[in-house]
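Here is the structure we will look at, set down as structure tokens.
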Amino acid sequence: MDIDHFVKERKPNWARLSELLNEFELTTEGDMGHERVKEMVALYRQACTDLNQARSYTANPELLDSLNQITGRAYRLVYSEGGRATLRESFWHFVSVSIPETFRKEVIYVIAALLPFLAGAMFGFVAVKIDPRNAEAFIAEEFFTESPAQRVKEIETADSERIDTTGKALSFGAQLYTHNIQVTFLAFAAGALTFVGGIYVLFYNGIQLGAVACMYHNDHVATFFYAWVGPHGALELPSIIFGAAAGLRCGKAVLLPGRLTRQAAIREAFGPVWRMICATMMMLVLAGLIEGSFSQFSSKIVSYNVKISVAICLFISLITYLFIVKKEHLGGTSTEL
């Protein structure tokens, strides 16, 4: 048996089954329609046969794991007891199972987006460390109206907090996450359409972050910077990287479909990209709310150590949720067929 030919021949069916399962988890059987439900059941049975054949001819863990996951999902939907899940249960399954599974499976794209961002941050930091005047080439002109040390002194000695009401926090947060969503979608679109454009957006934003960080280091107020950026940055910066990663995943399907047709590759990529974008948007909204309130508090209200500790806890929790802890599927444990 030619395993490459086997995968090439059957992969469009597996992609179609995954697409139908995604629809079935988020809608009702009536909305799906009788024909599509029949198609899903038929594809599930064929996928089970394919899994048995694949086990006989290959030990490729990626192929077997992929088939195990899709047949396991289909089994729980086709033979689930107690009827369909409620909307709340479906949403919980989407958040607790589907999203982290997707990020673990597409981690290579997250790494591909992370590296240029880190490279840009290192470049910006080192360039400003070598010559502080380099900051003017990377950062907007209005940032230089006062030095970081003066800005910190002004914030810490002010009679009142910059954000002192719930209304101000919500309004400022809305402005922030709107801007962050725009940056994230720019990274997504540039990656999806050109690859190189997405990498450039990440590198450039990394340069800006590194340059600003170095300015605060040079003025000996680095602790304030990390306490200020940390709480919302623990979610905001990964979100921009995740949005760009989703763009790279989409760009792979559009620009480099491989053995699949471009249409089949796009269909296969739609589910993972959609789930990554949904997760990114939820994280950006939360980051905006944190940035519009908690991050703005001076040390008179919340100490630097507390804010930095919160940032570390948020980041560790995010990474654990998306990449480390494998959660059980709704209605039962993950079952290999």
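Everything in the sequence shown is counted per the numbering used here, starting at -18 for the first residue and increasing by one. Virtual Cβ for every residue (Gly too), placed ideally from N, Cα, C.
{"Check": "Give the straight-line distance between the Cα atoms of Leu32 and Leu45, rounded to the nearest whole angstrom.", "Outcome": "7 Å"}
{"Check": "Can you give me the C-alpha to C-alpha distance between Gly179 and Phe169, rounded to a whole angstrom?", "Outcome": "7 Å"}
{"Check": "Measuring CA to CA, which of Pro253, Gly239, Thr261 is closest to Leu216?", "Outcome": "Thr261"}
{"Check": "Determine the DSSP secondary structure at Ala139, reduced to helix, strand or coil.", "Outcome": "coil"}
{"Check": "Below 7 Å CB to CB, which residues in the same chain sit around Leu303 once its five sequence neighbours on both sides are set aside?", "Outcome": "Pro81, Phe84"}
{"Check": "How would you call Ile188, buried or exposed, if buried means at least 16 neighbouring beta carbons within 10 angstroms?", "Outcome": "buried"}
{"Check": "What are the complete alpha helix (DSSP H) segments, minimum 4 residues, inside the stretch 40 to 89?", "Outcome": "42 to 59, 68 to 74, 80 to 86"}
{"Check": "Express the C-alpha separation of Val133 and Gly63 in angstroms, rounding to a whole number.", "Outcome": "Legend: pLDDT at Gly63 = 45, less than 50; position of this residue unreliable, value from coordinates given subsequently. Near 59 Å, if we compare the C-alpha coordinates of Val133 and Gly63."}
{"Check": "Taking contact to mean at least 3 C-beta pairs separated by less than 8 Å, is the stretch 268 to 281 in contact with the stretch 20 to 31?", "Outcome": "no"}
{"Check": "Distance check for Ser298 and Leu311, CA to CA, integer angstroms please.", "Outcome": "Below a pLDDT of 50, predicted positions are generally treated as unreliable, and Leu311, at 37, falls in that range; no measurement from the model is reported."}
{"Check": "In terms of residues, what are the limits of the alpha helix (DSSP H) holding Glu249?", "Outcome": "243 to 272"}
{"Check": "Consult DSSP for Leu32 and reduce its assignment to one of helix, strand or coil.", "Outcome": "helix"}
{"Check": "Since Val266 and Ala227 should fall inside the 8 Å C-beta cutoff, what is the C-beta to C-beta distance between them, to a whole number of angstroms?", "Outcome": "Contact doesn't hold; Cβ gap of about 16 Å is too wide."}
{"Check": "Give the straight-line distance between the Cα atoms of Met377 and Phe223, rounded to the nearest whole angstrom.", "Outcome": "A question about residue 377 goes unanswered here, because the residues of the chain that appear run from -18 up to 318."}
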